[in-house]
Amino acid sequence: MKSYKKGPHPRARGPDIRGAGNIMHRFANPNRFMRLSQRAVPWFAALTVVLLAAGLYLALVASPADYQQGETVRIMYVHVPSAWMAMFCYSGMAAAAAVGMIWKHPLADLAAKSTAPIGACFTFLALLTGSLWGKPMWGAWWVWDARLTSVLVLFFLYLGYIALNNAFDDPARGAKASSILVLVGFVNVPIIKFSVDWWNTLHQPASIARVEGPAIHASMLWPLLVMAAGFTTYYLWVLLVRMRGEIVAGKIRALRLRQVHGL
Amino acid sequence: MDSFSSFLNMGGHGGFVWPSFGITVLVLVVLLVTSLRSLKARESTLAKLRGGATETGRGEATREA
Amino acid sequence: MTDFVGRQLVCVRGGRVVFADLGFRVEAGGALVLAGPNGSGKSSLLRLMAGLAHPAGGVLAWGGEDVAGDPATHRARVHYVGHLDAVKPDLTVAENLVFWAALRGGSDGAGARTRTALEAFGIPHLADVPGRYLSAGQRRRLNLARILAAPAPLWLLDEPKTALDTDAAGRVDAAVASHRAEGGMVVMSMHGGSLPEGAVVLDLAAFNAGLEAVGC
Amino acid sequence: MLNPLLILIRRDLRLAVRQGMDSMMALVFFVLAVVLFPFGVGPEANVLARIAAGVIWVAALLASMLALERLFQADYEDGSLELLVLAPVPMEVVVAAKIAAHWLTTGLPLMAAAPLLAVLLGMEAGGFAGLLAALALGTPSLSLIGAVGAALILGSRRGGVLLSLLILPLYIPVLIFGVAAVDAAAGGYALQPHLLVLTGLLLAALALAPWAAAAALRQAVE
Numbered sequence: 001m002k003s004y005k006k007g008p009h010p011r012a013r014g015p016d017i018r019g020a021g022n023i024m025h026r027f028a029n030p031n032r033f034m035r036l037s038q039r040a041v042p043w044f045a046a047l048t049v050v051l052l053a054a055g056l057y058l059a060l061v062a063s064p065a066d067y068q069q070g071e072t073v074r075i076m077y078v079h080v081p082s083a084w085m086a087m088f089c090y091s092g093m094a095a096a097a098a099v100g101m102i103w104k105h106p107l108a109d110l111a112a113k114s115t116a117p118i119g120a121c122f123t124f125l126a127l128l129t130g131s132l133w134g135k136p137m138w139g140a141w142w143v144w145d146a147r148l149t150s151v152l153v154l155f156f157l158y159l160g161y162i163a164l165n166n167a168f169d170d171p172a173r174g175a176k177a178s179s180i181l182v183l184v185g186f187v188n189v190p191i192i193k194f195s196v197d198w199w200n201t202l203h204q205p206a207s208i209a210r211v212e213g214p215a216i217h218a219s220m221l222w223p224l225l226v227m228a229a230g231f232t233t234y235y236l237w238v239l240l241v242r243m244r245g246e247i248v249a250g251k252i253r254a255l256r257l258r259q260v261h262g263l
Numbered sequence: 001m002d003s004f005s006s007f008l009n010m011g012g013h014g015g016f017v018w019p020s021f022g023i024t025v026l027v028l029v030v031l032l033v034t035s036l037r038s039l040k041a042r043e044s045t046l047a048k049l050r051g052g053a054t055e056t057g058r059g060e061a062t063r064e065a
Numbered sequence: 001m002t003d004f005v006g007r008q009l010v011c012v013r014g015g016r017v018v019f020a021d022l023g024f025r026v027e028a029g030g031a032l033v034l035a036g037p038n039g040s041g042k043s044s045l046l047r048l049m050a051g052l053a054h055p056a057g058g059v060l061a062w063g064g065e066d067v068a069g070d071p072a073t074h075r076a077r078v079h080y081v082g083h084l085d086a087v088k089p090d091l092t093v094a095e096n097l098v099f100w101a102a103l104r105g106g107s108d109g110a111g112a113r114t115r116t117a118l119e120a121f122g123i124p125h126l127a128d129v130p131g132r133y134l135s136a137g138q139r140r141r142l143n144l145a146r147i148l149a150a151p152a153p154l155w156l157l158d159e160p161k162t163a164l165d166t167d168a169a170g171r172v173d174a175a176v177a178s179h180r181a182e183g184g185m186v187v188m189s190m191h192g193g194s195l196p197e198g199a200v201v202l203d204l205a206a207f208n209a210g211l212e213a214v215g216c
Numbered sequence: 001m002l003n004p005l006l007i008l009i010r011r012d013l014r015l016a017v018r019q020g021m022d023s024m025m026a027l028v029f030f031v032l033a034v035v036l037f038p039f040g041v042g043p044e045a046n047v048l049a050r051i052a053a054g055v056i057w058v059a060a061l062l063a064s065m066l067a068l069e070r071l072f073q074a075d076y077e078d079g080s081l082e083l084l085v086l087a088p089v090p091m092e093v094v095v096a097a098k099i100a101a102h103w104l105t106t107g108l109p110l111m112a113a114a115p116l117l118a119v120l121l122g123m124e125a126g127g128f129a130g131l132l133a134a135l136a137l138g139t140p141s142l143s144l145i146g147a148v149g150a151a152l153i154l155g156s157r158r159g160g161v162l163l164s165l166l167i168l169p170l171y172i173p174v175l176i177f178g179v180a181a182v183d184a185a186a187g188g189y190a191l192q193p194h195l196l197v198l199t200g201l202l203l204a205a206l207a208l209a210p211w212a213a214a215a216a217l218r219q220a221v222e
């Protein structure tokens, strides 16, 4: 796939492209990324399928039931990795936004924009599986447990990012505004976590059993780690696919602008 | 697992374990499929635009993405 | 002699290369007129000069020093008049003017300077009229009076004479001429009309011909 | 450097007084929102007294956000924001002036009305001091964090709803400790730790908000 070359034009009148060329390359020419991601996507896809298949087998069949909770403990093998991924994606977005802001690299902004929906899905799954796990354990679909509440707030932070990112006509504006938002949000996550935990202990009768309880037995740790690894490679796979989509959308926008300005 | 039915039953909690795994897989697959489909759709629009561009373009050598 | 120079400037807006490898030079007392069709980047260049936006490449230098190094002092040297007139409907003409003059540190004798500024643009009689009653031309005159109320060496005027009648246009030319006489610099974009004498014309069309948009 | 801050605050206050409507609207919304609760929850005194602090705080939070959407919008639309970015005054000072003006026109009236509403909901006498102290420390944080949201949504398509989605999650710590302070005061417990946490939140907001809002404004006019 050859890079997008500039058309020949009369040298005498046109400006010296070399100066603009390397600037353009650094800023706006993602073809190297397109080539690399083209090769990486199949690997991540294969890894994800293998890991998730093994993980599901370990979680559903090979691991023992919990002496207290019985079979419902298996929900942990999707709930906990989802919650981990929710946090991991949000931190990834904050890091990408910081890189995008400091070094002004558009690929970082695209990475943050592409990560958001994936992170939001993982957060939603963490909430859903948490609720499905809570019903048999605590008898209620939703319990204002400190962790679940923090994940709920994180879900709103994701929605805020996605809404702000798409609220502008010019995608570069959306990227810059949402980068600032995710950095402000990231700084607030520990503050929110602290205040929700404190609020939870204030109103929380101590009777609710803590979920982790004793250290996890090895036979339960393996499915957890394999599922977490599977989720991570899944994230990288969908991330690259979505980033390629964003880059192609950028090229379409540029071509449409060129038609308008008839260069 | 001695019998498949008890595997499905999950010690009485099947109603919670299976939906958890089921919805998780469903959401991940839907997210993946929509991402792939939107990529394909955009690539075809780009190809169409580029195809169109060379006709109305300045007759330079055709460019390909 | 301080001058304002731009070298190999590249401007990218919304993923499109507006212009590349653009250079210019204005010395004290000089005037630079930006010409070119709509969308050729006249406003973008003025906004780069003012420091509202940052060039994708190239250098802006004031008296040989890179402007990006010390944006605060550069902002103090610049008056920018864009398409919008920044007139508050609930404040009177005088209050609008005194606010902008005071913000630029012109607090000593601000009253005197605002009166002369209003007289220079022919609207002293409107001093106590709230902004909401002004016509487009009067708002533009108030906006232009702002740059007289608090002196600054570099004037960046984006099509200053739109919505102005011949009398007001004449006053703009007079203000520009006297500003240049005192050693000030003016960069203005224009659509036809009389050029200030001795002005250098920069045709932006030459800097964006043949540039394809490089897909982001 | 203080002079430009005062000039900016004076202009914004003058505008707010002459427009008048914005701050009044926030106050009217605050009173209305609180008055609605008895109709929903029922007039039993003990129920209302128990939820009084929470109701007042949530309504104060929503009311201060109501007036925030327009914080930078008017300047953005008439071109003043561009000139403020170009003024030789640091952008953080411009933002601080705007936030101070917003707090004076919205935060203070809310604090004035809160005790009256506490009476309406039958809050215990002890809670009033706690309520005022908590609001005094909490409402500036609301203005500070809200200003970041107001700057971020400039020029976007759906301003109002988007603003609430962006900043309400960030309001949660202030809400939690604000209500806790009032409950502690009403219940006769130690009020001081809660006020200290609220002060901590305020200082954090003072450090973070002007920088973030200034960055948002700069890229809004780019």
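The listed protein sequences correspond, in order, to chains A, B, C and D. The working numbering puts the first sequence at residues 1 to 263. The working numbering puts the second sequence at residues 1 to 65. The working numbering puts the third sequence at residues 1 to 216. The working numbering puts the fourth sequence at residues 1 to 222. Don't be surprised by glycine CBs; every beta carbon is placed ideally from N, CA and C. All values derive from a computational prediction rather than experimental measurement.
- The C-beta of residue 153(A) comes closer than 9 Å to at least one C-beta of chain D.
- With the rule of 3 Cβ pairs closer than 8 Å, the region 134 to 149 of chain D counts as touching the region 102 to 116 of chain D.
- Within chain C, not a single residue places a beta-carbon under 7 Å from that of residue 51(A); the smallest gap is close to 34 Å.
- Apart from the 5 residues on each side of it in sequence, residue 82(C) sits with its Cβ closer than 7 Å to the Cβ of 158 in its chain, given in chain order.
- In the three-state DSSP reduction, residue 203(A) falls in the helix class (H, G or I).
- As for any beta strand (DSSP E) of minimum length 3 sitting wholly inside the region 28 to 56 of chain C, the runs are 31 to 35, ordered along the chain.
- If you draw a straight line from the Cα of residue 195(A) to the Cα of residue 41(B), it comes to about 45 Å.
- Burial is judged here by how many other beta carbons sit within 10 angstroms of a residue's own beta carbon; residue 161(A) has at least 16 and is buried.
- Within the region 229 to 251 of chain A, the residues whose Cβ lies closer than 7 Å to any Cβ of chain B are, in chain order, 234, 238, 241, 242, 244, 245, 248, 249 and 251.
- According to the DSSP assignment, residue 197(D) belongs to the alpha helix (DSSP H) that extends over 192 to 221.
- Boundaries cannot be given for residue 67(A), as no alpha helix (DSSP H) includes it and DSSP labels it neither H nor E.
- Under the Cβ distance rule, residue 3(B) does not count among the residues neighbouring chain A, no pair being separated by less than 9 Å.
- Within the region 136 to 166 of chain D, those residues whose Cβ lies closer than 9 Å to any Cβ of chain A are, in chain order, 145, 148, 149, 151, 152, 153, 154, 155, 156, 157, 158, 159, 161, 162, 165 and 166.
- The straight-line gap separating the alpha-carbon atoms of residue 71(A) and residue 211(D) is approximately 51 Å.
- When the five nearest sequence neighbours on each side are left out, the beta carbons in the same chain lying within less than 7 Å of the beta carbon of residue 88(C) are those of 96 and 131, in order along the chain.
- Among the CB atoms of chain A, one or more fall inside 9 Å of the CB of residue 12(B).
- Nearest in C-alpha terms to residue 67(D), of all of 102(D), 35(D), 167(D) and 127(D), is 102(D).
- Measuring C-alpha to C-alpha distances from residue 19(B) to each of 59(A), 119(A), 132(A) and 159(A) identifies 132(A) as the nearest.
- Nearest CB-CB separation between residue 3(D) and chain C: below the 9 Å threshold.
- Along the region 9 to 31 of chain C, the positions whose C-beta sits under 8 Å from a C-beta of chain A are 10, 12, 14, 15, 16, 17, 19, 20, 21 and 22, read in chain order.
- Nearest to residue 31(A) by alpha-carbon distance, out of 175(A), 259(A) and 247(A), is 247(A).
- Proximity of residue 80(C) to chain D, defined by a Cβ-Cβ separation below 9 Å, is satisfied.
- At least one CB of chain C lies nearer than 9 Å to the CB of residue 80(D).
- Unbroken alpha helix (DSSP H) stretches of 4 residues or longer found wholly inside the region 63 to 125 of chain D: 73 to 78, 80 to 86, 91 to 102 and 108 to 120, given in chain order.
- Residue 69(D) is a Cβ neighbour of residue 150(D), given a cutoff of 9 Å.
- Fewer than three pairs of CB atoms, one per stretch, sit closer than 8 Å, so the region 110 to 127 of chain D makes no contact with the region 62 to 81 of chain C.
- Taking 9 Å as the upper bound on Cβ-Cβ separation, chain D lies near residues 187, 188, 191, 192, 194, 195, 196, 198 and 199 of the region 187 to 199 of chain A.
- The continuous alpha helix (DSSP H) containing residue 137(C) extends over residues 136 to 149.
- Going by DSSP, residue 30(D) is part of the alpha helix (DSSP H) stretching over 21 to 41.
- The beta carbon of residue 96(D) sits closer than 6 Å to the beta carbons of 210 from its chain, once the five residues preceding and following it are set aside; these are given in chain order.
- Interface criterion met: the Cβ of residue 177(D) is under 9 Å from a Cβ in chain A.
- For residue 39(A), the enclosing alpha helix (DSSP H) starts and ends at 31 to 57.
- Residue-level contact by beta carbon fails for residue 32(A) and chain C, as no gap is shorter than 9 Å.
- One thing to note: residue 100(A) has its Cβ within 9 Å of the Cβ of residue 179(A).
- Close partners of residue 148(A) in chain C (Cβ separation under 7 Å) are lacking, with about 40 Å as the shortest Cβ gap.
- By the C-beta density criterion, residue 138(C) is buried, having at least 16 other C-beta atoms within 10 angstroms.
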